[in-house]
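Trainee:
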Amino acid sequence: MRAYVARTLPACSPILVCNRAPREPNPDGTFKRGAGGVITALLTLAEATEAEWVACARNDDERQLATGHGAALTVPLLNSTGRLHYAVPTKEQYDMYYGVFANPVLWFIQHYLWDLGNEPVIDDRIHQAWEEGYVEVNRQLAQKVVEVARQAPKRPLVLVHDYQLYLVPGLVRRALPEAMLQHFVHVPWPTPQYWKVLPKPMRDAILEGLLGCDIVGFQSSLDVRNFLLTCEENAGLQVDERERAVFYGGRVVYARHYPISIDVATTSRLAASRGVKRQERDIASWRPPRLISRIDRTDPSKNIVRGFIAYDKLLRYHPELRGEVQFWAFLQPSRQDVAVYSRYVRQIRQIVGRINSEFGTEAWLPVRLEIGESERKAVASLKNFDVLLVNPVYDGLNLVVKEGALVNVTNGVIVLSENAGAHEELHAHVLSINPFDVEATAAALYAGLTMVLEDRRRLNEGAREVVRSNDITRWISRQVQDLRDLVMAPVRV
Ligand code: G6P
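Note that the numbering used here has the sequence shown beginning at 897, numbered continuously upward.
1. Quick one: using the 10 Å Cβ neighbour count with 16 as the cut-off for buried, is residue 1296 buried or exposed?
2. So is the beta-carbon of residue 950 under 7 Å away from any non-hydrogen atom of the ligand G6P?
3. If you draw a straight line from the C-alpha of residue 1100 to the C-alpha of residue 1325, how long is it?
4. Could you pull out every residue in the same chain whose Cβ sits closer than 6 Å to the Cβ of residue 1205, ignoring the five residues on either side in sequence?
5. Evaluate contact between the region 1185-1193 and the region 996-1007, counting only Cβ atoms and requiring at least three cross-stretch pairs below 8 Å.
6. To the nearest angstrom, how far is the alpha carbon of residue 1201 from that of residue 1241?
7. Looking only at C-alpha atoms, which of 1009, 1011, 990, 942 sits nearest to residue 979?
8. Closer than 7 Å to a non-hydrogen atom of the ligand G6P - does that hold for the CB of residue 1318?
9. Identify the continuous beta strand (DSSP E) that holds residue 1189 and give its terminal residues.
10. Can you list, in chain order, the stretches of the alpha helix (DSSP H) that have 4 or more residues and sit fully within the region 972-1025?
11. Which of helix, strand or coil does DSSP assign to residue 1056?
12. Rounded C-beta distance between residue 982 and residue 947? I'm assuming under 8 Å.
13. From residue 1254 to residue 1337, what distance separates their C-alpha atoms?
14. Identify every run of the beta strand (DSSP E) within the region 1054-1115, keeping only runs that are complete inside it and at least 3 residues long; order them along the chain.
15. Per DSSP, what kind of secondary structure is residue 935 in: helix, strand or coil?
16. Quick check: residue 1207 and residue 1251, are their CB atoms within less than 8 Å of each other?
17. Does the distance between the C-beta of residue 1017 and the nearest non-hydrogen atom of the ligand G6P fall short of 7 Å?
18. Is it buried or exposed, residue 1126, if we count other Cβ atoms within 10 angstroms and call 16 or more buried?
19. Could you give the first and the last residue of the continuous beta strand (DSSP E) run that contains residue 959?
20. So, at 7 Å on beta carbons, what are the nonlocal neighbours of residue 1106 in its own chain, with the 5 sequence-adjacent residues on each side left out?
21. Check this for me: beta carbons of residue 1289 and residue 1307, under 8 Å apart or not?
22. For the candidate residues 908, 940, 1023, 913, whose alpha-carbon lies nearest to that of residue 1371?
23. Please report the residue range of the beta strand (DSSP E) in which residue 948 lies.
24. For the beta strand (DSSP E) containing residue 1301, list its first residue and its last residue.
25. Candidates 1225, 1057, 1110, 1136: which alpha carbon is nearest residue 1121's?
26. Report the residue ranges of all alpha helix (DSSP H) runs contained in full by the region 1327-1382; include only those spanning at least 4 residues, in chain order.
27. Relative to the C-alpha of residue 1366, which residue among 1298, 992, 964 is closest?
28. Could you check what DSSP says for residue 1291 in three-state terms: helix, strand or coil?
29. Locate the beta strand (DSSP E) running through residue 1141, then write down its first and last residues.
30. Would you check if there are 3 or more beta carbon pairs closer than 8 Å linking the region 1052-1061 to the region 901-920?
31. What three-state label does DSSP hand residue 1153 in the structure shown?
32. By DSSP, does residue 908 sit in helix, in strand, or in coil?
33. My guess is that residue 996 and residue 1021 are in contact by the Cβ rule of under 8 Å, so how many angstroms apart are they, rounded?
34. I'd like the list of long-range same chain contacts for residue 1083, defined as Cβ closer than 6 Å, with 5 residues on each side in sequence excluded.
35. Look at residue 1300 and residue 1281 and say whether their C-beta atoms are less than 8 Å apart.
36. Just how far apart, CA to CA, sit residue 1166 and residue 1085?
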């Protein structure tokens, strides 16, 4: 992959920009992997492009590490090391940027999560978090990028990631007009109407920031269409829908979709590892005949509570399944310093408690809820499900479903929300659901649990083939090709 990138983009110095660093410091000076599937994908990207990595120091450990090292830090990536540069906002700035603005305001807009009759109330706290948090931290990251780019031997190629950093491309463009800039939006891009939840100065600044790019990347074709519409409707810009391009400030900005994926070889190796097999032995010691699994961060966008409502219905409508089935939810704690996220964990515990006390017996626990982090346990669960429930309200892509499709060995069936980005690629090989319709979800769980082996095998193999043929290297190579064709050597007509 490295050789391919170097051949395709010979004349540039890549810089990857992301809120999170590739590795987080342990107190003893060693590093652990940054959390989440996105970081895993970005580690592959950083390694393939040999990019310098610019991130935000997010907590005391990182602030200390960053201020102790004036220059770049060398950190382990996957098979090599990389250079990491931190921007260091104060704790107050970071909290406003991350805890008040990016999550929840932006995250909630991009996943259509607001209960608009009541929320959000955009008051002085949110205005302050925008000005002194989001704008300020984006400015600091952009400044760090410019410093790194000015030291770079070749033309900088700046690859910015996700909703935390929408303003960075515009700021970098102003300082470095010759830079090549791409932003990849990992989350859904909602309709122009929904963006109007944000006051005009904020949503205009977000678009202006993104339009500093040469290419804006998204997860699905619908995101691209919504983005073009937003530019047209909300900012009055000229858009070419056929070329999927926006004309802005005398430049052309392309919008493209590149559904992210997993590293098939690494994930398969992990699935075959001793650590995962140990977890599987443990599962075999307690699993009932039928197992429904879910693996998610404890995020309201993942729709965990409605998943349990659907399961409750399944047990009511099909009493013959009681004692036969278990719903194993292995959930990773997420953003617990943001009130709405900690409240969500309480709601999850509440409904699980209710189902278990209503249906449970001495010999049977209907829901097994585990909140914790273990990559091995997650993969072991994905190898062994009969049904995997992935029912997000909206989701940029959802990598769990791709991991599940690849590693499952029990001819398991995937029940997938039509609002997950991955649905565009996988719809023919899953049972599709409307994530709000708990009746349809209960029916899909039942259909998955009772499907004949031949049909399960057909779905399972089809889903696996989709993931195999669109692995993470393809995500990278398609972006690299577009950068070469549209930005480095554009065809003039
Ligand atoms: C999602 C976002 C990523 C984010 C990840 C973990 O996948 O798209 O940008 O890094 O969640 O969230 P966290 O807030 O813990 O970084």
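All C-beta atoms, glycine included, are put in the ideal place defined by N, C-alpha and C.
Mentor: The answer reads as follows:
1. Result: buried.
2. Every heavy atom of the ligand G6P is 7 Å or more from the Cβ of residue 950, so no.
3. The straight-line gap from Cα to Cα measures roughly 39 Å.
4. Cβ-Cβ distances below 6 Å link residue 1205 to 1334 in the same chain, with the five nearest sequence neighbours on each side left out; the list follows chain order.
5. With a cut-off of 8 Å, the region 996-1007 and the region 1185-1193 do not count as touching, because too few Cβ pairs lie within range.
6. Going from the Cα of residue 1201 to the Cα of residue 1241 covers about 10 Å.
7. Ranked by how close their Cα comes to the Cα of residue 979, the residues 1009, 1011, 990, 942 have 942 in first place.
8. Checking the Cβ of residue 1318 against the ligand G6P gives no.
9. Taken as a continuous stretch (DSSP letters only), the beta strand (DSSP E) holding residue 1189 covers 1186-1193.
10. Listed in chain order, they are 987-990, 1003-1006, 1020-1024.
11. In this structure, DSSP gives residue 1056 an extended state, which the three-state scheme calls strand.
12. With a Cβ gap of about 15 Å, residue 982 and residue 947 do not count as contacting.
13. Per the coordinates, the alpha-carbon of residue 1254 lies some 20 Å from the alpha-carbon of residue 1337.
14. Within the region 1054-1115, the complete beta strand (DSSP E) runs of at least 3 residues fall at 1076-1080, 1111-1114.
15. Of the three classes helix, strand and coil, the one that applies to residue 935 here is helix, per DSSP.
16. Yes, Cβ-Cβ distance for residue 1207 and residue 1251 is below 8 Å.
17. Not under cutoff, so the answer is no.
18. It counts as buried.
19. That residue, residue 959, is in no beta strand (DSSP E); its alpha helix (DSSP H) goes 956-964.
20. Around residue 1106: 1062, 1065, 1079, 1112.
21. Result no, Cβ atoms of residue 1289 and residue 1307 do not sit closer than 8 Å.
22. For residue 1371, the nearest C-alpha among the options comes from 940.
23. Note, residue 948: beta strand (DSSP E), 948-952.
24. Going by DSSP, residue 1301 is part of no beta strand (DSSP E) but of the alpha helix (DSSP H) stretching over 1295-1303.
25. Closest in alpha carbon position to residue 1121, among 1225, 1057, 1110, 1136, is 1136.
26. Correct list: 1334-1346, 1349-1365, 1368-1378.
27. From the listed residues 1298, 992, 964, the smallest Cα separation to residue 1366 is found for 1298.
28. Note: residue 1291 maps to strand in three-state DSSP.
29. Per DSSP, residue 1141 is one residue of the beta strand (DSSP E) stretching across 1141-1144.
30. Yes: the two stretches touch, three or more of their Cβ pairs being nearer than 8 Å.
31. Of the three classes helix, strand and coil, the one that applies to residue 1153 here is strand, per DSSP.
32. Three-state DSSP puts residue 908 in a strand.
33. 7 Å between Cβ atoms; contact.
34. Here the set comprises 1006, 1059, 1292.
35. In this structure, residue 1300 lies near residue 1281, with their beta-carbon atoms less than 8 Å apart.
36. So the two alpha carbons sit approximately 32 Å from each other.
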